Amino acid sequence: MTQRVGIIGWPLTTTFSPAMHNAAFQALGMDWVYDKMAIPLDIVRLGILEPQRHGYVGINVTIPHKEEAMRYVVPDALAQMVGAVNTIDLRTMGGTNTDVAGLVTDLQANGVELAGKRAVILGAGGAARAAVVGLTQAGASVVVVNRSLERARAMVANLALSNITIQAEAQTLDDAVEQGGIDLIINATPAGMFPDVEATPWINGVPFPRGVTVYDMIYRPAQTRLMRQAEEHGGRAIGGLGMLVYQGAAAFKLWTGVEPPVEVMFAAVRGELGE
Ligand code: NAP
């Protein structure tokens, strides 16, 4: 019998997850299908419970339902720390957050050291919070910078209440740069994403630090303006495609118990992006 998994989100006009997972199932000769399900804000509960009733094995949850979905599942410790689930096992109603592993695995795959390093995280939404959890657990200290500083402060204060020791503070970009010692900058904002490709989360007039690594969670375009700024200042730039693939690979492993064909998944997303 065909096994079914899928993704819920809204409006979910563009998602590369179906192509990525279906390519993986096909490559391994598995009788599984990954569906795309657009679920409006007022029926998130049904968007989770109905696939379960119809025998789906699991679902991914994307914008804007990741936080709301917490109410209808049993979140694991990681999801509780991040405050959001992006992967649900509908057999157990367990929810987890594979964005954390997606980011950290891709940083490691690119040879980026985290232990003892100082990272600036741009943004204070769900993706930024996943980055704070992943990086601090890997031994980095982080500074959260957000255009509304209050939201960054609230996020750090809230994380400090959780059981893990978090090496994190909220600062303005000016202060973070002035303090120096930045090894890594992570963009967890949509600034610079297609079609607004000339935008950058880097505030005009704040000097760009030299020789830092920028990890931009954006993967469309493959090279963002922020990534170009890093390279122009003698640094290194990595786009967010790997994070997308590795978070999907972690979900694939959870649902199927099978080792995901990561290269097939990379090729499928690159194909969708026309790269
Ligand atoms: P979110 O919860 O909506 O948070 C967005 C954050 O970006 C907020 O802190 C917001 O600041 C800030 N922001 C928005 N527009 C900005 C601008 N023009 N300039 C500066 N800051 C801006 O979104 P999210 O779920 O965290 O996702 C953030 C980004 O990460 C998105 O681009 C998403 O596609 C990407 N992402 C990628 C992956 C991947 O697999 N590669 C996974 C997850 C997310 P305020 O608080 O002031 O509004």
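In this text, residue positions in the sequence shown follow this note's numbering: the first is 15, and each later residue adds one. Here a beta-carbon is modelled for each residue, glycine too, at the ideal position from N, C-alpha and C. Bear in mind the structure is a predicted one, so any value in this text is a computation, not a measurement.
Original post:
Around the C-beta of R59, are 16 or more other C-beta atoms found within 10 angstroms, so that it is buried, or is it exposed?
Top reply: What you label residue 59 is simply residue 45 of the sequence shown in a count that begins at 1. The residue in question, R59, is exposed, as its Cβ has fewer than 16 Cβ neighbours within 10 Å.
Subject >> C-beta contact flag for R242 and L287 at 8 Å >> reply: Here the question's residue 242 lines up with position 228 in the sequence shown. Here the question's residue 287 lines up with position 273 in the sequence shown. No, these two residues do not count as a Cβ contact at 8 Å.
Original post:
Do you know how far the Cα of R239 is from the Cα of R161?
Top reply: As a first step, residue 161 is located in the sequence shown; it is residue number 147 there, counting from the start. As a first step, residue 239 is located in the sequence shown; it is residue number 225 there, counting from the start. If you take the alpha carbons of R161 and R239, they lie about 18 Å apart.
Original post:
Mind pulling the alpha helix (DSSP H) runs of 4 or more residues that sit fully within the stretch 236-275?
Top reply: 239-246 and 255-270
Original post:
Are A13 and A129 touching if we call contact CB-CB under 8 Å?
Top reply: Limits of the chain in this structure are 15 at one end and 289 at the other, which puts residue 13 out of reach.
**OP:** In the DSSP assignment, find the unbroken beta strand (DSSP E) run with G61 in it and report its ends.
**Re:** In the sequence shown, counting from the first residue as 1, residue 61 sits at position 47. From DSSP, G61 is part of no beta strand (DSSP E) but of the alpha helix (DSSP H) over V58 to R67.
Subject >> Contacting residues, own chain, Cβ-Cβ under 8 Å from E164 (five flanking each side not counted) >> reply: Indexing the sequence shown from 1 puts residue 164 at position 150. Hits under 8 Å: none found.
**OP:** Throw me the rounded Cβ distance for the P215 and T203 pair, which I believe falls under 8 Å.
**Re:** By 1-based counting over the sequence shown, the position of residue 215 is 201. By 1-based counting over the sequence shown, the position of residue 203 is 189. Their Cβ separation, rounded to whole angstroms, is 5 Å, which keeps P215 and T203 in contact under 8 Å.
Original post:
Do Q243 and the ligand NAP come close, with the Cβ less than 7 Å from some heavy atom?
Top reply: As a first step, residue 243 is located in the sequence shown; it is residue number 229 there, counting from the start. Not so, every heavy atom of the ligand NAP lies at least 7 Å from the Cβ.
Subject >> N201, buried or exposed, once every other Cβ within 10 Å from all chains shown has been counted against 16 >> reply: The sequence position of residue 201 within the sequence shown is 187, counting from 1. N201 is buried by the Cβ-count criterion.
Original post:
Using the C-alpha atoms, what's the distance from E64 back to R132?
Top reply: For this step, residue 132 is matched to residue 118 along the sequence shown. For this step, residue 64 is matched to residue 50 along the sequence shown. If you take the alpha carbons of R132 and E64, they lie about 44 Å apart.
Original post:
Alpha carbon to alpha carbon, how far is N36 from D189?
Top reply: Position 22 of the sequence shown, counted from the first residue, corresponds to residue 36. Position 175 of the sequence shown, counted from the first residue, corresponds to residue 189. Distance between the alpha carbons of N36 and D189: 46 Å.
Original post:
For Q237, which option in F266, E289 and L149 has the closest C-alpha, if you only look at C-alpha atoms?
Top reply: One-based indexing of the sequence shown puts residue 237 at position 223. The option with the nearest alpha carbon to Q237 is E289.
Original post:
Is the beta carbon of G97 sitting closer than 8 Å to the one on V19?
Top reply: On the sequence shown, residue 97 is found 83 positions in, with the first residue counted as 1. On the sequence shown, residue 19 is found 5 positions in, with the first residue counted as 1. Going by C-beta atoms, G97 is not nearer than 8 Å to V19.
**OP:** Please check the pair V226 and I252, which I expect to be a contact at CB under 8 Å, by giving their CB distance rounded to whole angstroms.
**Re:** To locate residue 226, count along the sequence shown from 1; it is residue 212. To locate residue 252, count along the sequence shown from 1; it is residue 238. The Cβ separation is near 12 Å, so there is no contact.
Subject >> T119 CB to nearest heavy atom of the ligand NAP below 7 Å >> reply: Counting from 1 along the sequence shown, the entry for residue 119 is found at position 105. No, the beta carbon of T119 sits no closer than 7 Å to any heavy atom of the ligand NAP.
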